[in-house]
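The listed protein sequences derive, respectively, from chains F and W.
This note's numbering numbers the first residue of the first sequence as 1 and each following residue consecutively.
This note's numbering numbers the first residue of the second sequence as 1001 and each following residue consecutively.
We treat Cβ as the ideally placed atom computed from N, Cα and C, and that holds for glycine.
Number of protein chains: 2
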Amino acid sequence: MAKRVFNFNPGPSTLPLEVLKIVQDEFLDYKGTGMSIIESSHRSPEFDEINESAITLTREVLGLGDNYQVLFLGGGASTQFAMVPLNFLGPDRKAAYVDTGSWSSKAFKEGQIIGDAVLAASSKEAGYKFIPKMNDIKYPADAAYLHITSNNTIKGTQYHEFPDTGSVPLVCDMSSDIASRKLDLTKFSLIYAGAQKNLGPAGVTMVIIRDDLLAKAREGLPTMLSYKTHAEKKSLYNTPPAFGIYIVKLVLEWIKKQGGLSAIEKVNRQKKDAIYNLMDSYPDFYRGTVEKDSRSWMNLTLRLPDENLEKKFIAEAKAVGFVGLKGHRSVGGIRVSLYNAMTLEGARKLAEFMETFRKSNA
Amino acid sequence: MAKRVFNFNPGPSTLPLEVLKIVQDEFLDYKGTGMSIIESSHRSPEFDEINESAITLTREVLGLGDNYQVLFLGGGASTQFAMVPLNFLGPDRKAAYVDTGSWSSKAFKEGQIIGDAVLAASSKEAGYKFIPKMNDIKYPADAAYLHITSNNTIKGTQYHEFPDTGSVPLVCDMSSDIASRKLDLTKFSLIYAGAQKNLGPAGVTMVIIRDDLLAKAREGLPTMLSYKTHAEKKSLYNTPPAFGIYIVKLVLEWIKKQGGLSAIEKVNRQKKDAIYNLMDSYPDFYRGTVEKDSRSWMNLTLRLPDENLEKKFIAEAKAVGFVGLKGHRSVGGIRVSLYNAMTLEGARKLAEFMETFRKSNA
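What follows is the structure in structure tokens.
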């Protein structure tokens, strides 16, 4: 077996080795059933326990009450871009979007396809280098919702505070930073997150929706596009992405075992500090691409003095076991993704590598 | 480890043990990458090879040309119930549906939610005991499409011939019998199938669409609900259900290794004969629920003389390692699902058990 690499992929991404080992160990025989979990009926007691646990653990880990329904859906966060306006943007309303990068602009585009979507704020003109100030986010007082993207995987920015939207439902795509820090989530009416960064494998999307917003969902939608369909059946209206839910449950158990989100946040802070501090020591060599107060803890984006050096950096890093460091094809450069399952050791070793690389190449 | 059971679940269902072992063996380190396949980027060379192979193998195993696009989507076949009319049922057209059971009537309902859907034939009045005769399927000459369900998982019926629809596109939900027999699929314009019966785990749906129909797909749809989005990007517009696609690829390789669909069909015929012949030997004890010429090879439905005997049958079967035999909660009775990965040995041993059970209980 090859040595396990330090995997800085932006998603799908590294997962806790402990979780992977459990999956491997019980893959041919799930808890004495004589079959794999992927061969088990989604109506079996075994899967029912997984689904119920995944729901309960989500509420527990994220600090949410029973007034939040937890759904596990297929189709990725990109399908949520459409489901949100389909369910909540009626013909006589406007929905407001903050545009902070590629994914939020895709969400906004779906809002425009489906109804009357307007921009509440945007950092596009500035190359998405920052998250707008909370006071600069403007939207109609009767907006159907305000949509934000808490972490911008490609651009490397992250919200470190959130707008108070009063009676306007706050909807958030948390795909790339859910469960990475301790937050009061009660101001959010709807949160969704593709699992493939902090929660599990690709193919399952967590949707968390507060009862008061759910009650307002529109009727007459295609069945699978209605949140009510899935909430009423606890994601079992049809066959759900069962293997993904199973792993999400194991990852949530792993988060609890680490000490919950306070402990996770503490480690994530040390990880991002290891890299950002190194970058800030050599700002002419490791050039951060975003404003400091908008920096992401999850996806750290930087440029080197020239593209050839960037290629060299990526190649040499790979050779010593650091993979997935290439920036998104739309922006280039380097991106260091530090999701929950990346160890502090991994971040520190990468910082050491960066120190050495600079010495040899500055 | 518990002894591997004979798993007659209707889906998710048994998968080839050889495939499960490959997945387990390489789960912590996919082909020397130092990471699990579920940690691998969907833009990596490793996943690209999987996706390309899955597409190529689908065409090869099913006997389709390059004029069929092969997609792997999330959301289950239930999402296809909506995507088909969203893409192909314009405001001035009618779509025709044959209603042969629970799933086809759900597909029909989505057609009605989205546009003008009409019934082309139905066996509902007869309790869905048969597949309508091809001559009894009537639809407008300019219908947007005719939708059928090739195998009815719950009711236990299956098409053994298909209508010639001429210029009307034939659309088929093959979730529960795709790749189970050698068929000429070139008369179909669109085929979809949830993977969790004959192809792989839950969470991925195969969609096969002919170019001439794809070209007619409507514009202006939500991005993720448009077949064109996915066809143009080979299912990689967003992060696909990667683990599911990986297993589908392995299952298709396994089918090839068995000798392709001719060999699979031969074994499936022997399997269903083992059970149906036994039933036909004791028709007062093992009472088939559907007309003989509509019998499914995949899901064999039957009743025993009374419900207590059925409970006893299910319990005693389970005790000796035959699981998943309970009929769907909407119909009761017994259901024997004989998907590709169920071995001939399994079917024969179940037939022996049925013989013995009858002797003791008739």
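The beta-carbon distance between F/L300 and F/V336, rounded to whole angstroms, is 4 Å. This is short enough to meet the 8 Å contact definition. Taking 8 Å as the threshold, the shortest C-beta distance from W/K1228 to chain F does not fall below it.
Look at F/H147 here: in three-state DSSP terms it is strand. Looking only at F/M206, F/I255, F/Y159 and F/Y145, the smallest Cα-Cα distance to F/P241 is reached by F/M206. If you check each beta-carbon in the stretch 1331-1346 of chain W against every beta-carbon of chain F, none falls closer than 7 Å. Per the Cβ contact rule, the stretch 89-96 of chain F is in contact with the stretch 105-123 of chain F (3 or more Cβ pairs under 8 Å). Closer than 8 Å to the CB of F/R4 there is at least one CB belonging to chain W. At a cut-off of 8 Å between C-beta atoms, F/P241 counts as an interface residue with respect to chain W.
When rounded, the separation of the alpha-carbon atoms in F/D116 and W/F1188 is 38 Å.
Per DSSP, F/A117 is one residue of the beta strand (DSSP E) stretching across A117 to S122.
In the DSSP assignment, the residues bridged to F/V336 are F/L300. Note that the C-beta distance between W/V1251 and W/V1019 is below 8 Å.
Contact annotation: the stretch 115-130 of chain F touches the stretch 143-161 of chain F, with at least three C-beta pairs closer than 8 Å. The Cβ atoms of F/F8 and F/L325 sit closer than 8 Å to each other. Inclusion of F/L64 and W/E1039 in the CB contact set at 8 Å is not warranted, their separation being larger than that value. Residue range S102 to I114 is occupied by the alpha helix (DSSP H) that includes F/Q112.
For F/F313, same chain residues with a beta-carbon under 7 Å away, outside a window of 5 residues either side, are L304, I334 and F357 in chain order. At a cut-off of 8 Å between C-beta atoms, W/E1310 does not count as an interface residue with respect to chain F. In the DSSP assignment, W/I1055 falls outside any beta strand (DSSP E) and within the unbroken alpha helix (DSSP H) covering P1045 to L1062. One alpha carbon belongs to W/L1071, the other to F/A347, and they sit about 37 Å apart. The beta carbon of F/I314 does not come within 8 Å of any beta carbon belonging to chain W, so the residue lies off that interface. For F/I264, the closest of F/G203, F/A179 and F/S330 by C-alpha to C-alpha distance is F/A179.
Around the CB of F/S262, fewer than 16 other CB atoms lie within 10 Å, so the residue is classed as exposed. Counting C-beta pairs with one atom in each stretch, the stretch 126-140 of chain F and the stretch 74-88 of chain F have fewer than three that are closer than 8 Å, which means they do not touch.
For F/M279, the uninterrupted alpha helix (DSSP H) run begins and ends at G260 to S281, by DSSP. Contact note: W/V1023 reaches chain F through F27, using a C-beta cutoff of 8 Å and chain order. Taking a cut-off of 8 Å for Cβ pairs, the stretch 1047-1066 of chain W and the stretch 42-57 of chain F do not touch, as fewer than three such pairs fall below it.
The CB of W/L1225 comes closer than 7 Å to the CB of A82 in chain F, given here in chain order.
By alpha-carbon distance to W/K1155, the top candidate from W/K1349, W/F1353 and W/R1295 is W/R1295. Fully contained in the stretch 1197-1268 of chain W are the following alpha helix (DSSP H) runs of length 4 or more, in chain order: 1211-1214, 1227-1232 and 1242-1258. Sixteen is the threshold: since fewer than 16 other Cβ atoms of the shown chains lie within 10 Å of the Cβ of W/A1002, the residue is exposed. CA-CA distance, F/I148 to F/R218, rounds to 21 Å. With respect to W/T1157, W/T1100 sits close: the two C-beta atoms are nearer than 8 Å.
The three-state secondary structure of W/R1348, taken from DSSP, is helix. Residue pairing by DSSP places W/N1067 opposite no residue, since no beta bridge is assigned to it. If you check the CB distance, W/F1027 and F/F27 come in under 8 Å.
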